[in-house]
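Peer 1:
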Amino acid sequence: GQQLNQSPQSMFIQEGEDVSMNCTSSSIFNTWLWYKQDPGEGPVLLIALYKAGELTSNGRLTAQFGITRKDSFLNISASIPSDVGIYFCAGPSGGYQKVTFGIGTKLQVIP
Amino acid sequence: NAGVTQTPKFRILKIGQSMTLQCAQDMNHNYMYWYRQDPGMGLKLIYYSVGAGITDKGEVPNGYNVSRSTTEDFPLRLELAAPSQTSVYFCASSYNLGYEQYFGPGTRLTVT
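Line by line, the protein sequences give chains P and E. The first sequence lines up with residues 2 to 112 when you count with our numbering. The second sequence lines up with residues 776 to 887 when you count with our numbering.
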């Protein structure tokens, strides 16, 4: 099946710093999704990307759909304590009905 | 809208016991999903449904069963619980394509 590799797997950053994380796929995707999971909660969709090269922002978050269609990037600017959580990338698998999730990037913000 | 609701929030089972995890959504979504999340392993799809009366297996269906008699409800049944089923279980739903999924708060299950 499809495999998604996320890096880094975890990171500690100082409040106010910018954060970058990425996700690569073993196959071409036509959609990339980024979810965030707060501790003890279910994941919440942050950004959906539907076109190669697309750059989409949601507040301090910016995600890009890589030109090769095998990767995607998520940047967080000026991090704050509530950015703490696990960030998952996801892409479609088995047609349009399902998605495959990466193992996540765990972000910790030091005040 | 309550969104996606799951019950119970926590449960401890003994090996060999059975239970049903409940999931309901009030958004009139066609697609519903069950995932399990193990530490450091991301989300693995157990079963999914594209509409009432239609279900299909995901990546890790063994030891589980589902039914979808209504649009709103998608219960997950564990028969003969095993320690390997200790996990956090999430239910999700989606309106059209399966991409933009709304997740419930999860059920934390321990089998001892």
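Yeah, the Cβ is synthetic: ideal placement off N, Cα and C, and Gly gets one too.
Mind checking the segment 807-838 of chain E against chain P and listing, in chain order, the residues whose C-beta falls within less than 9 Å of any C-beta there?
Peer 2: Y808, Y810, Q812, G815, M816, G817, L818, K819, L820, Y823, V825, D831, G833 and E834
Peer 1: Just curious, the beta strand (DSSP E) that T780/E is in, first and last residue?
Peer 2: V779 to T782
Peer 1: At the 8 Å Cβ level, is P880/E part of the contact set with chain P, yes or no?
Peer 2: Among the residues facing chain P, P880/E is included, as its CB has a counterpart in that chain under 8 Å away.
Peer 1: Should A49/P go down as buried or exposed, given a rule of 16 or more other Cβ atoms within 10 Å for buried?
Peer 2: buried
Peer 1: Expressed to the nearest angstrom, what Euclidean distance is found between the alpha-carbon atoms of Q856/E and K819/E?
Peer 2: Strictly speaking, residue 856/E in this sequence is Ala, with Gln absent from that position. If I take the Cα positions, the gap works out to 18 Å.
Peer 1: Please go through the same chain and pick out, in chain order, the residues whose beta-carbon is closer than 6 Å to the beta-carbon of L34/P, but skip the five residues on each side of it.
Peer 2: A49 and A91
Peer 1: Answer with buried or exposed for T885/E, where buried requires no fewer than 16 other C-beta atoms within 10 angstroms of its C-beta.
Peer 2: exposed
Peer 1: Nearest to Y51/P by CA position, among K37/P, Q38/P, P112/P and F66/P, is which residue?
Peer 2: Minimum Cα distance to Y51/P is reached at F66/P.
Peer 1: How would you write the range of the beta strand (DSSP E) that G86/P sits in, first residue to last?
Peer 2: G86 to S94
Peer 1: Between T795/E and the rest of its own chain, which residues show a CB-CB distance below 6 Å, the 5 nearest in sequence each way excluded?
Peer 2: P850 and R852
Peer 1: Chain E partners of P44/P, CB-CB under 7 Å?
Peer 2: F878
Peer 1: According to DSSP, is Q860/E part of a helix, a strand, or is it coil?
Peer 2: helix
Peer 1: Between P93/P and chain E, is there a C-beta pair that is closer than 8 Å?
Peer 2: yes
Peer 1: On the CB-based measure, 16 or more other CB atoms within 10 Å of its CB, does S73/P come out buried or exposed?
Peer 2: buried
Peer 1: Step through the CB atoms of chain A and report whether any lies within less than 8 Å of the CB of Y874/E.
Peer 2: The structure shown contains no chain A; its protein chains are P and E.
Peer 1: Would you say F785/E lies against chain P (beta-carbon separation less than 8 Å)?
Peer 2: no
Peer 1: So, helix, strand or coil for S27/P, using DSSP?
Peer 2: coil
Peer 1: Please list the terminal residues of the continuous beta strand (DSSP E) segment that includes A799/E.
Peer 2: M794 to Q800
Peer 1: Whose Cβ in chain E lies nearer than 9 Å to the Cβ of A49/P?
Peer 2: Y874 and E875
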